[in-house]
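Below: one structure, written as structure tokens.
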Amino acid sequence: MDNKIIIIGGQTATGKTDLAIKIAKEFNGEIISADSRQVYIGMDIGTGKDVKNLEFTMYNVQNKNFQIGYYTADGIKIWLYDVVKPNYQFSVGEYQDLANRVIGDIISRDKIPIVAGGTGLYLRSLIDSLSDITIPPDEKLRKSLSQLKVSKLQKQLQGTDRHKFFRLNNSDRNNPRRLIRAIEISLWKKTNSKIIKKPVYDYCAIILVNKEKTLEEKISQRIQKRLREGMEKEVRFLQKKGYDFNSPALSATGYQEIKDYLERKIDKDEAIDRWLKQEFGYAKKQLVWFKKFLPSTKKIFWFDSQDHHSYTKIRNLLCHFLKKPLS
RNA sequence: GCUGGAGUAGCGAAGUGGACAAACGCAACAGACUGUAAAUCUGUCGUUCGAAAGGACUCCGAAGGUUCGAAUCCUUCUCCCAGCA
97 MDNKIIIIGG QTATGKTDLA IKIAKEFNGE IISADSRQVY IGMDIGTGKD VKNLEFTMYN
157 VQNKNFQIGY YTADGIKIWL YDVVKPNYQF SVGEYQDLAN RVIGDIISRD KIPIVAGGTG
217 LYLRSLIDSL SDITIPPDEK LRKSLSQLKV SKLQKQLQGT DRHKFFRLNN SDRNNPRRLI
277 RAIEISLWKK TNSKIIKKPV YDYCAIILVN KEKTLEEKIS QRIQKRLREG MEKEVRFLQK
337 KGYDFNSPAL SATGYQEIKD YLERKIDKDE AIDRWLKQEF GYAKKQLVWF KKFLPSTKKI
397 FWFDSQDHHS YTKIRNLLCH FLKKPLS
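Here the first sequence is numbered in this note's numbering, starting from 97 and rising by one per residue.
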């Protein structure tokens, strides 16, 4: 009974999905997306889900809140795309739950789960304990707390969990969202005992990066490609559906910019320029995150996806990890 | 050619005699982050020395002037926009 999973993380536009498919073919795997924006139905082009002509198959993984399924690309299953509509506020906790279920299912069918995506926290939720992450949100509480100023929230947290407050750094102490969550957790703990049962996996993580200049070129080309493939149409469709462009889903890079262009607030060049900047910024933040949170234990390996030798090295690494003979 | 408006840091934009190296927004750079993470939040952001406190230098289109003191007032020049010719 192996519980091995392969993780592929890294910056946007470095070819994580392509690599995942290649590995899946070679090692009899299935892919689980770890991307906070690809979970949204109808957001395909802008989030880089390459699913235009792919078939989606519903699958019963026994979850009361969501219906999930998989796309089949090149004979390989890709899970956790298209989980909710863009007006839904999806979160790490829900991701963790769904991903664990899917991983369990894949393992039970004697296949190798390959978790691939750029949302670092989603990946981390599968390999670190992150105990409080399972504590559910309290919408009523959030709503009432969101009216308060930061200083009030700080006071409130000091009241409910003094230690927690003083453990926060300056940045988090000024972050209303974090303060509210901290209050939520502390209140929850007062009336609930923690029972957190989480699978523990043996994992091997591959982090893909590119040299900065190469990455910028790739991002720029990809934006052009997305425009050709119909990004404008996708945005128009989402507008028509009446989705809130300030929602988490639509805060994905590119959507706001193209919307502003369609509404003639800015011209097309301006929109593309802003989109590019957003995307570069995103890639940089990803790098900061991966450097910090995936400690370089012997389970985590960094590769430049532009390096021709990378794939051979990755392959050897995975053969070793999965205890398969090198061929 | 005349009349009116305007020229402020990478961009946008406040400031209209002293608390101005100059609000604020964007961009940039650095960072934080255990249920919104492509989110949210923090710091830096004229140059320079310093770990910091702080110091030095340059600065609000250009040049000159008034004033103890000028981004702010005056003169000339220059560039831009609008109206009239």
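Cβ coordinates follow ideal geometry from the N, Cα and C atoms, glycine included.
> DSSP three-state call for T256: helix, strand or coil?
Replying inline: Collapsing the DSSP output to three states places T256 in a helix.
> Which residue from Q107, I102, D98 and N99 puts its Cα closest to that of N306?
Replying inline: Selected option, being the one with the closest Cα: Q107.
> Between the beta-carbon of S406 and the beta-carbon of F417, is there less than 8 angstroms?
Replying inline: Not a contact, by the Cβ cut-off of 8 angstroms.
>> Please list the terminal residues of the continuous beta strand (DSSP E) segment that includes D298.
In response: Counted as a single uninterrupted DSSP element, the beta strand (DSSP E) harbouring D298 occupies residues D298 to V305.
> Once you ignore the five residues that flank R133 on each side, which residues in its own chain have a CB closer than 6 angstroms to its CB?
Replying inline: Counting only Cβ-Cβ distances below 6 angstroms, and skipping sequence neighbours, we find T143 and A348.
> So what's Y218 in DSSP terms, helix, strand or just coil?
Replying inline: Here Y218 sits in helix by DSSP.
>> Once the 5 residues before and after I281 are set aside, which same chain residues still bring their CB inside 7 angstroms of it?
In response: Hits under 7 angstroms: D228 and I231.
>> F397 and I315 - do their beta-carbons sit closer together than 8 angstroms?
In response: Their beta carbons are not under 8 angstroms apart, which means I315 does not touch F397 by this criterion.
> Is V64 helix, strand or coil when you go by DSSP?
Replying inline: Any question about residue 64 goes unanswered here, given that the chain covers just 97 to 423.
> What residue does the beta strand (DSSP E) around K173 start on, and which one ends it?
Replying inline: Where K173 is concerned, the enclosing beta strand (DSSP E) stretches over I172 to W175.
>> Applying the 10 Å Cβ sphere with the 16-neighbour rule, what's the burial state of Y155?
In response: Y155 should be labelled exposed.
>> How far does the alpha helix (DSSP H) with P272 in it extend, from its first residue to its last?
In response: P272 -> alpha helix (DSSP H) spans P272 to T287.
> Quick one: Cα of Q317 to Cα of D234, how far?
Replying inline: Looking at the two C-alpha atoms, the distance is approximately 42 angstroms.
> So does the region 206-223 actually touch the region 367-374, counting three or more Cβ pairs closer than 8 angstroms?
Replying inline: The count of Cβ pairs closer than 8 angstroms, one atom from the region 206-223 and one from the region 367-374, stays below three, leaving the stretches out of contact.
>> Rounding to the nearest angstrom, what Cα-Cα distance links L249 and K148 in this structure?
In response: Approximately 46 angstroms, taken between the alpha carbons.
>> If you reduce the DSSP assignment to three classes, tell me which class T168 lands in.
In response: In the three-state reduction of the DSSP assignment, T168 falls in the strand class.
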